[in-house]
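In my numbering, the protein residues as written are 12 to 522. Here the structure is laid out as structure tokens; the discussion comes afterwards.
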Ligand SMILES: C[S@@+](CC[C@H](N)C(=O)[O-])C[C@H]1O[C@@H](n2cnc3c(N)ncnc32)[C@H](O)[C@@H]1O
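Here it is, written out as structure tokens:
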């Protein structure tokens, strides 16, 4: 049988878009076999996959059943008959696919209870789900969990809920899902339901170099769950080696034995795991009693609604002959700041490169008071239909831009190794690529101490505790989350910062 060690590779942007619509990313064999190993336990039986696709789990089931001499039967569903053709190309027989029904799992799921469910469900984010489908999903969530999950839950979350509801007593489920399953707004309600009604055996994350879906911007996790009394502890592991048998053998050993450098595993308390987030490592002693929000306030950068119109180069402003007093110096892209500090020199280089650094900053003065050049520019904006754009239409008048005080620090909140604090020596105003970080005490000594704290490696490493994770180690941090960044006591002491009394409301950081 042909081994598949890569996800289905889209050849063009268009093809990738079409795959996204259907959520067709195939699971590599080394992961599929580990997942089937768990649901088959040592008995084998009937395997059900609600989203069969090219049949990764069916192939894996045949391998595991043969290796262990177990009985095995296969059934499942897929909405797309063409995907099954691919399953045959990868070595499955027509007979293996006999019990695969073509249809929507969330509408026509099996009526009987199941003993072994395994899936890589379609990862279709909420904004791609049609409104009518969302209504059905709300009902499904209510029927299964007793609550309506936050509307940002994607289709994969409902595959999980529906599949868990179909498990018979003692039945097992293994799902590979993106990290938003534990980080999204809906995650608290979802995991409350799961932890009360099921037994979470293990969660596996992947080191950036060992991702099952390299170059795809999701951070996948594998969840191993049983329909049984819940337990107070579960296994949490990071798989550091891809395309080998170690993942499968580790599952076969009951999550116990693996070569040291290929798996890092811990026993964690369920309560801690759910509070920290199952995609994140356990809180270590590094986290102390202080949070960044004790020292700073965080606000997102300016959203213009039309950067092409509001954010201009020096040359454009000269050509338009609009007086400089209507602009402030600003920074747009994180790529425009390669270093840990924005200085006058940074701005000079950007200007030489023809990058925009001037933000039109109008306070809504009477239109008649503006110079003719500016009036003409605004009228051009009206002709372009800018006042009707979603964000701009909420402003009165439409050209009045958001106001920000100059933040002494910026935070580049989205990226791989690039998530970082930046000292704003050039006193610019950031656009939405950055967060504005305002110290609560503006004394120079305090600001200098704070800079040491923000740049400390232990502070930076705690970002993983509060960010949303994407593929290849990328993290995204929202303003409120950044204020919840734990700052280790040792870092505060090292910087000799007069620590404020911790605010009780901020002691409970998660949930
Ligand atoms: C991420 S792929 C996984 C396929 C395969 N099990 C694997 O792991 O490689 C998800 C599959 O779900 C199918 N799908 C999408 N929406 C579905 C739905 N509502 N019901 C059943 N299958 C669906 C897609 O056609 C796709 O084949």
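Each residue gets a CB set at the ideal place from its N, CA and C atoms; glycine is no exception.
Member of the options whose CA lies at the smallest distance from the CA of residue i
| i | options | result |
| --- | --- | --- |
| residue 201 | 318, 216, 153, 479 | 153 |
| residue 446 | 99, 266, 417 | 417 |
| residue 329 | 311, 362, 305, 56 | 362 |
| residue 485 | 227, 118, 433 | 227 |
| residue 211 | 237, 66, 176 | 237 |
| residue 76 | 374, 52, 64, 494 | 52 |
| residue 410 | 315, 63, 434 | 315 |
| residue 150 | 117, 82, 123 | 117 |
| residue 122 | 176, 167, 471, 481 | 176 |
| residue 46 | 84, 114, 384, 232 | 232 |
| residue 251 | 352, 94, 274, 268 | 274 |
| residue 194 | 292, 259, 280 | 292 |
| residue 134 | 160, 190, 336 | 190 |
| residue 370 | 487, 247, 335 | 335 |
| residue 168 | 183, 143, 66, 196 | 196 |
| residue 318 | 368, 261, 383, 346 | 368 |
| residue 469 | 453, 487, 503, 480 | 503 |
Under the three-state DSSP convention, the category residue i falls into
| i | result |
| --- | --- |
| residue 425 | strand |
| residue 99 | helix |
| residue 350 | coil |
| residue 74 | helix |
| residue 222 | coil |
| residue 207 | helix |
| residue 190 | coil |
| residue 88 | strand |
| residue 43 | helix |
| residue 93 | helix |
| residue 386 | helix |
| residue 297 | Because the pLDDT of residue 297 is 49, which lies under 50, any placement of that residue in the model is unreliable, and the number read from its coordinates should be weighed accordingly. Residue 297 falls in the coil class under three-state DSSP. |
| residue 197 | coil |
| residue 507 | coil |
| residue 16 | Because the pLDDT of residue 16 is 39, which lies under 50, any placement of that residue in the model is unreliable, and the question is left without a value. |
| residue 217 | strand |
| residue 411 | strand |
| residue 292 | coil |
| residue 395 | coil |
| residue 162 | coil |
| residue 51 | helix |
| residue 37 | coil |
| residue 139 | helix |
For residue i, the first and last residue of its enclosing beta strand (DSSP E)
| i | result |
| --- | --- |
| residue 168 | From DSSP, residue 168 is part of no beta strand (DSSP E) but of the alpha helix (DSSP H) over 166-177. |
| residue 147 | Not the beta strand (DSSP E): residue 147 falls in the alpha helix (DSSP H), residues 142-156. |
| residue 340 | 338-342 |
| residue 432 | 431-434 |
| residue 126 | 125-130 |
DSSP beta-bridge partners of residue i
| i | result |
| --- | --- |
| residue 277 | 247 |
| residue 56 | 83 |
| residue 104 | In DSSP, residue 104 forms no bridge with anything. |
| residue 237 | 183, 210 |
| residue 447 | 310, 421 |
| residue 440 | 341 |
| residue 371 | 338 |
| residue 498 | 301 |
| residue 259 | The partner list for residue 259 (beta bridge, DSSP) is empty, contrary to what the question assumes. |
| residue 480 | 486 |
| residue 232 | 188 |
Run of the alpha helix (DSSP H) containing residue i, from where it starts to where it stops
| i | result |
| --- | --- |
| residue 269 | Unbroken run through residue 269: none, as it is neither H nor E. |
| residue 475 | 474-477 |
| residue 113 | Careful: residue 113 lies outside any alpha helix (DSSP H), inside the beta strand (DSSP E) at 111-113. |
| residue 490 | 490-494 |
| residue 254 | First-last for residue 254: undefined, no H or E at that position. |
| residue 117 | 116-119 |
| residue 63 | From DSSP, residue 63 is part of no alpha helix (DSSP H); its letter is neither H nor E. |
| residue 399 | Per DSSP, residue 399 belongs to no alpha helix (DSSP H) and is neither H nor E. |
| residue 379 | First-last for residue 379: undefined, no H or E at that position. |
| residue 135 | First-last for residue 135: undefined, no H or E at that position. |
| residue 359 | 355-363 |
| residue 228 | Per DSSP, residue 228 belongs to no alpha helix (DSSP H) and is neither H nor E. |
| residue 5 | Nothing about residue 5 can be read from this structure; the chain reaches only from 12 to 522. |
Task: Segments of 3+ residues assigned as beta strand (DSSP E) that fall wholly inside the stretch 299-333 - done: 307-311
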